[in-house]
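Mapped onto the working numbering, the consecutive letters of the sequence shown carry residue numbers 13 to 681.
Ideal placement from N, C-alpha and C gives every residue a C-beta, glycine not left out.
The structure displayed is predicted, hence computed values, not measured ones.
So the structure is just underneath, and the comments pick up after that.
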Amino acid sequence: MIDDPTPHASAAPLGGLDLDPAGRERADALAARLDRHRASYYAGTPEISDAAYDALEDELRTVDPTHPVLSRVGSAPAVSEWEKARHEIPMGSLNKVVSEEELKGWVDRCEELLAKDGHAPVRDALFVAEKLDGLSLEIIYRDGALAEAITRGDGDVGERITANVVRMRGVPRRIKERRPISVRGEIILRRSTLESEPFFAEYATTRNGAAGVSRRFDGRGAEHLTVLFYDVADHLDFATEQAKFEWLRGLGLATPRTASGSLADVIALYRRYQEETRGSLDYEIDGLVISIDSLAAQALLGELNRRPRGATALKFASPAKVTRVVSIDWDTGPSGRVTPVATVEPVELVGAVVQRASLHNAANVRALGLGVGDEVLVSRRNDVIPYVEEVVEKRGAEAKPPTECPRCAQPIVVEGEYLLCRNAECPAIVEGRIHNWIGAIGALEWGDKLVAQVVRAGLVREPVDLYRLTVADIAKLERRGEKIATKCLEELRARLPVTLPVFLAGLGIEGFSTQTARLLFAAGYTELEKLQAATEPEIAAVPGLGDIKARTIVKGLAARREEVARLLAGGILPVTPEQAGPLAGVTFCFTGAAERPRAELVRLVEGAGGRVLSSVTKELKYLVIADVESSSSKAAKARKLGTVLITEGDLVAMASGAPPPARPAPPGP
Ligand SMILES: [Zn+2]
């Protein structure tokens with residue numbers, strides 16, 4: 013054995029340990045899988061769950077703890093047309109801890125190491141920042157101007173996606189710092205945007221949406237993304253993490269939320285985040301970044317494998333538990349998709365008792381081979397909705413998907429991974445259509461529940477029926493009353509007349525968003541009759557559309573011809589934006605955070621005839637901002653150009669016909 017000349021040990025093994033050939037093969041196979049999954053994860057198309065990925069990584073760590081794949085950060089960027097760019101200072105990564113005990117262990121080790129240098133204990137001066145779950149990037153400013161934006165990639169080389177990043181929210185083109193600086197941030201997608209923007213329908217999570225859209229070659233959707241900043245690479249003279257964050261904020265760069273305090277404070281905060289704060293945020297975080305606040309102490313601690321010792325990611329518990337499937341239930345959604353949900357024996361996950369778990373779609377049920385009685389692993393990770401991850405032990409017969417719609421009993425058709433009900437009169441689909449109309453006209457008082465109620469009561473079958481409802485109709489519904497009824501009906505009337513783009517988007521024709529309607533409008537289709545008479549080639553010639561969209565538009569309009577005729581007969585006549593609404597011809601721009609999702613505010617403006625601009629220009633009449641006294645550069649520029657600063661509340665009032673607020677004139681030059 014000693015003389016065994018097997019080449020594996022000397023022929024440049026990928027890992028650093030001398031393993032037997034079988035161990036070597038296993039380690040490299042695991043490493044190859046990890047590399048592949050890491051690449052798809054960063055491309056926004058993960059094939060396995062984070063938990064499965066972590067499990068593979070743990071396995072590799074057991075087999076070969078020194079394998080280079082374990083110290084690699086991120087992934088090699090996927091092949092694309094984006095230009096590769098090298099980070100001047102590599103973008104590192106953080107070690108992670110997953111429990112309070114491990115966090116204490118980390119602080120103990122830091123203090124042990126620091127004590128050797130005669131440094132005092134640090135557990136009473138820790139700094140906390142939310143750990144965002146998005147796509148990391150570096151932004152370089154030179155002479156106060158945004159010069160480059162590069163994704164993290166593998167930590168050394170990323171992609172220069174500057175063209176997209178300049179269109180994202182929270183990214184100033186100019187800052188007051190003239191020295192060349194490299195700031196680090198995270199591109200995130202808000203939950204509310206993922207839910208409300210049809211554009212993001214294809215993305216399962218905010219992280220996939222942020223990663224996918226950031227790197228689109230056509231730049232579409234970038235304006236819906238936000239960048240938050242958390243670091244600066246250059247060694248400026250900050251004493252603490254806290255000072256560094258204050259400096260970032262002073263430059264007008266938004267940061268994740270932060271706190272500072274003792275180890276006990278951090279643990280209390282961690283518990284609060286797990287129990288409530290995390291779920292209440294409009295963006296996903298997967299943990300907290302805990303740092304030794306003193307940057308001098310951090311420098312003493314140094315780094316190992318490009319991971320600083322003086323900071324760690326405290327990840328949230330992501331529990332999964334085994335339980336038993338009691339039943340598999342199918343229901344039809346607003347798009348006509350028939351999806352399965354598992355009812356399971358009650359099990360506690362993250363402080364909540366779980367009894368129902370998502371099964372995504374019929375193909376997934378088939379892939380899992382799932383049946384009633386099976387033991388399954390149910391988890392509740394980044395999602396609010398728990399889902400069945402895998403079958404732990406097969407006990408029952410495989411479930412058979414239904415052949416009839418559970419809501420209308422019509423035959424179901426199979427389309428790829430989905431089962432679909434195609435019955436236009438199916439109550440589930442009618443609810444979806446009414447919901448779409450309500451969303452398009454921006455009637456904020458109408459919630460999903462009320463829409464479901466009026467449809468289920470048989471009061472509303474298509475949008476025109478909404479305008480025939482009486483106060484008595486709504487008042488007699490469960491948990492409604494005259495007051496709510498009056499308010500909801502008044503709102504419907506206040507949103508009249510609707511503009512043609514809103515009218516068209518409200519019909520909910522497949523692939524027909526407000527954006528599509530706007531493109532058609534801009535191309536001269538300013539009248540309904542003209543659009544209804546248009547042929548596929550004519551529509552396909554509209555800039556921004558194409559053959560496929562043209563087909564769905566022409567087909568969709570033809571299929572809805574009678575529904576449209578009934579709307580017109582009911583007095584719902586679309587008008588050109590200039591004729592319409594209390595905000596007719598008025599321009600708005602949004603900046604900073606708002607209470608309502610941005611998409612909702614845009615619809616509100618457009619529904620009332622106004623226009624939304626993406627930046628502050630001479631053409632802009634109103635800048636909507638949380639603090640009208642703000643001294644941000646955007647606010648200052650707006651004042652200089654004579655733009656009026658208003659709050660979200662002012663806008664909502666104006667959209668209902670209230671006069672604009674009286675604000676003191678901006679101070680003269
Ligand atoms: Zn149906």
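With 16 other Cβ atoms within 10 Å as the buried cut-off, status of residue i
i           : result
residue 371 : buried
residue 661 : exposed
residue 317 : exposed
residue 561 : buried
residue 243 : buried
residue 415 : exposed
residue 426 : exposed
residue 674 : exposed
residue 667 : buried
residue 202 : buried
residue 326 : buried
residue 237 : buried
residue 365 : exposed
residue 671 : exposed
residue 669 : exposed
residue 208 : buried
residue 573 : exposed
residue 32  : exposed
residue 641 : exposed
residue 143 : buried
residue 346 : buried
residue 186 : exposed
residue 28  : Because the pLDDT at residue 28 is just 40, under 50, the model does not fix this residue reliably, and the value given afterwards should be weighed accordingly. So residue 28 ends up on the exposed side.
residue 663 : buried
residue 87  : Confidence in residue 87 is poor, its pLDDT being 41 and thus under 50, which makes the residue's placement unreliable; the coordinate value appears in the next sentence. Burial call: buried.
residue 556 : exposed
Distance cut-off 7 Å: residue i Cβ against heavy atoms of ligand 1
i           : result
residue 344 : yes
residue 419 : yes
residue 440 : yes
residue 435 : yes
residue 422 : yes
Nearest candidate by alpha-carbon position, reference residue i, set the options
i           : options               : result
residue 99  : 148, 34 and 383       : 148
residue 360 : 391, 557, 338 and 657 : 391
residue 229 : 638, 611 and 95       : 95
residue 285 : 304, 254, 255 and 329 : 329
residue 123 : 294, 162, 213 and 304 : 304
residue 269 : 457, 140 and 207      : 140
residue 350 : 376, 578 and 550      : 376
residue 211 : 374, 335, 133 and 525 : 525
residue 255 : 292, 307 and 296      : 307
residue 440 : 178, 153, 412 and 469 : 469
Residue interval of the beta strand (DSSP E) (run including residue i)
i           : result
residue 437 : From DSSP, residue 437 is part of no beta strand (DSSP E); its letter is neither H nor E.
residue 598 : Careful: residue 598 lies outside any beta strand (DSSP E) and carries neither H nor E.
residue 422 : No beta strand (DSSP E) contains residue 422, which DSSP labels as neither H nor E.
residue 107 : 107-109
residue 198 : 193-201
residue 9   : The structure shown does not extend to residue 9, since the chain spans only 13 to 681, so no value can be given for it.
residue 575 : Per DSSP, residue 575 belongs to no beta strand (DSSP E); it is in the alpha helix (DSSP H), 573-581.
residue 243 : 237-244
residue 402 : 399-405
residue 139 : 138-144
Neighbour flag for residue i against chain D, beta carbons, 8 Å
i           : result
residue 480 : Among the chains in the structure shown there is no chain D, since it carries only a single protein chain.
Start-to-end residues for the alpha helix (DSSP H) that takes in residue i
i           : result
residue 477 : 475-478
residue 515 : 512-518
residue 60  : Neither: residue 60 is in no alpha helix (DSSP H) and is coded neither H nor E.
residue 549 : 548-552
residue 612 : 610-619
residue 277 : 275-284
Three-pair Cβ contact test at 8 Å for the region 312-328 versus the region 170-180: no
So does the region 466-474 actually touch the region 540-553, counting three or more Cβ pairs closer than 8 Å? no
Could you check whether the region 197-216 touches the region 226-242, counting it as contact only if at least three pairs of C-beta atoms, one from each stretch, sit closer than 8 Å? yes
If we count Cβ pairs, one from each stretch, closer than 8 Å, do we get three or more for the region 425-440 versus the region 398-405? no
Any contact between the region 507-518 and the region 482-495? By contact I mean 3 or more CB pairs, one from each, below 8 Å. no
With a threshold of 8 Å, are at least 3 pairs of Cβ atoms found where one atom belongs to the region 500-509 and the other to the region 455-467? yes
The region 65-78 contacting the region 125-136, beta-carbon criterion three pairs below 8 Å: no
Would you call the region 576-588 and the region 650-661 touching, i.e. three or more CB-CB distances under 8 Å? no
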